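In our numbering, the protein residues as written are 0 to 309.
By construction, the Cβ of each residue, glycine as well, lies at the ideal position given by its N, Cα and C atoms.
Computed from a predicted structure; not experimentally measured.
Okay, so here's the structure we're looking at.
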């Protein structure tokens with residue numbers, strides 16, 4: 000899933016050197032017999048590419064556990080997506096008409112294949128190999144309503160290399176007004192990490208600061224479908240209902256909290272800036288943890304990322 004650190008990385012590498020050269024040529028005095036040709040008009044497409052190294056991969060504020068009780072750690076295919084440094088990469092195509100297309104990927108420090116297979120094979124206890132790679136393909140159209148008020152409509156497809164019961168489609172609808180954006184992303188099918196109808200809500204504020212620093216604040220919340228194939232109160236593989244004080248989490252009924260209908264997921268405060276005369280951007284995000292789908296409190300976490308844009 001596309002993370003907050005990734006959206007920041009897409010700000011880097013937008014042809015800074017080429018723009019500077021064009022400005023110098025435009026400002027230079029032209030001789031009658033040796034005039035500098037006018038610069039060719041920019042094409043309708045803007046293409047940005049990036050490779051990132053993140054200190055860890057935290058998905059939508061879940062720093063501690065996806066489950067309903069005690070954290071299992073990455074050895075148990077639990078949050079965060081990676082508790083080690085994660086390699087991430089992507090490419091974005093933006094057209095002047097408002098259409099955009101992109102691809103983003105990240106390594107994960109456990110196996111969605113083993114986790115998904117454990118739904119029907121309860122003997123599986125090893126969740127480290129083969130480790131998964133998340134691949135997100137997305138498109139959107141951004142338009143204007145009136146003045147500073149705009150909108151975005153799009154969709155994201157999630158494909159997991161070395162995954163099982165994890166691939167998904169998610170819609171996106173959003174409004175923008177100046178430095179604020181409000182978005183809703185709704186899951187269209189049951190997977191081991193969510194139920195059909197789960198909606199992730201974000202309110203994002205972005206502000207440029209001195210020294211080329213950008214501040215981004217993201218408030219994230221969820222509304223959940225309480226019952227799904229892989230998450231709920233009934234073991235859908237066996238048909239057995241979970242007992243009091245239990246919840247079904249992919250491969251069994253576990254003691255702890257029951258499913259929640261929604262709540263605050265995280266508040267993330269971030270800073271990012273390019274290194275001077277470089278195509279590398281640094282970013283830091285302070286994640287203030289909220290609650291997961293089982294109302295389990297998440298811890299606070301500081302995440303750092305280095306991004307090379309080209």
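Legend entry - Cβ separation of residue 191 and residue 111, assumed to be a contact under 8 Å, to the nearest whole Å: 7 Å
Inset, instruction - Report yes if the C-beta of residue 238 is less than 8 Å from at least one heavy atom of the ligand GDP; otherwise report no. - result: No copy of the ligand GDP appears in this structure; indeed no ligand is present at all.
Legend entry - Status (buried if at least 16 other CB within 10 Å, exposed otherwise) for residue 176: exposed
Inset, instruction - Work out the CA separation of residue 114 and residue 214 for me, nearest whole Å. - result: 37 Å
Inset, instruction - Using the Cα positions of residue 273 and residue 52, report the straight-line distance between them to the nearest angstrom. - result: 15 Å
Legend entry - Whether residue 208 touches residue 186 by CB criterion (9 Å): no
Inset, instruction - Out of 288, 278, 184, state which residue places its alpha-carbon closest to the alpha-carbon of residue 308. - result: 278
Inset, instruction - Enumerate, from N- to C-terminal direction, the unbroken beta strand (DSSP E) stretches of 3 or more residues contained entirely within the region 77 to 121. - result: 85 to 94, 98 to 106
Legend entry - Neighbourhood of residue 172 by C-beta, 6 Å cutoff - its chain only, sequence neighbours within 5 removed: 152, 183
Inset, instruction - Can you tell me which of the three DSSP states residue 167 falls into? - result: strand
Inset, instruction - Check whether the Cβ atoms of residue 314 and residue 194 lie closer than 9 Å to each other. - result: For the chain, the structure presents residues 0 to 309; residue 314 sits outside this window and is missing.
Inset, instruction - Please say whether residue 97 and residue 142 have beta carbons closer to each other than 9 Å? - result: yes
Legend entry - Straight-line gap, residue 302 to residue 227 (C-alpha atoms, nearest Å): 31 Å
Inset, instruction - Keeping to the same chain, check which residues put their C-beta closer than 8 Å to that of residue 255; ignore five residues upstream and five downstream. - result: 66, 67, 68, 69, 244, 245, 246, 293, 295
Legend entry - Same chain, Cβ closer than 8 Å to residue 132, neighbours up to 5 away in sequence not counted: 104, 105, 106, 107, 159, 160, 161
Inset, instruction - Could you please give the first and the last residue of the uninterrupted beta strand (DSSP E) stretch that includes residue 134? - result: 132 to 145
Legend entry - residue 59 vs residue 83 beta-carbon contact at 9 Å: no
Legend entry - Under the three-state DSSP convention, the category residue 73 falls into: helix
Inset, instruction - Rounded to whole angstroms, what's the CA-CA distance from residue 300 to residue 85? Just pull it up for me. - result: 15 Å
Inset, instruction - Could you say which of 261, 204, 236, 240 lies nearest to residue 225 if we only look at CA atoms? - result: 261
Inset, instruction - Quick one: using the 10 Å Cβ neighbour count with 16 as the cut-off for buried, is residue 306 buried or exposed? - result: buried
Legend entry - Burial state of residue 210, where buried means 16 or more other Cβ atoms lie within 10 Å: exposed
Inset, instruction - Name the residue from 135, 119, 95 whose alpha carbon lies nearest to the alpha carbon of residue 89. - result: 135
Legend entry - Residue burial classification, residue 189 (beta-carbon count within 10 angstroms, cutoff 16): buried
Legend entry - Under 9 Å between C-beta atoms of residue 156 and residue 140: no
Inset, instruction - Could you spell out the range, first to last residue, of the beta strand (DSSP E) harbouring residue 45? - result: 44 to 53
Legend entry - Assigned exposure category for residue 304 - 16 Cβ within 10 Å defines buried: buried
Legend entry - Beta-carbon spacing of residue 219, residue 63 below 9 Å: no
Inset, instruction - Specify, as a first and last residue, the run of the beta strand (DSSP E) that residue 214 falls within. - result: 212 to 222
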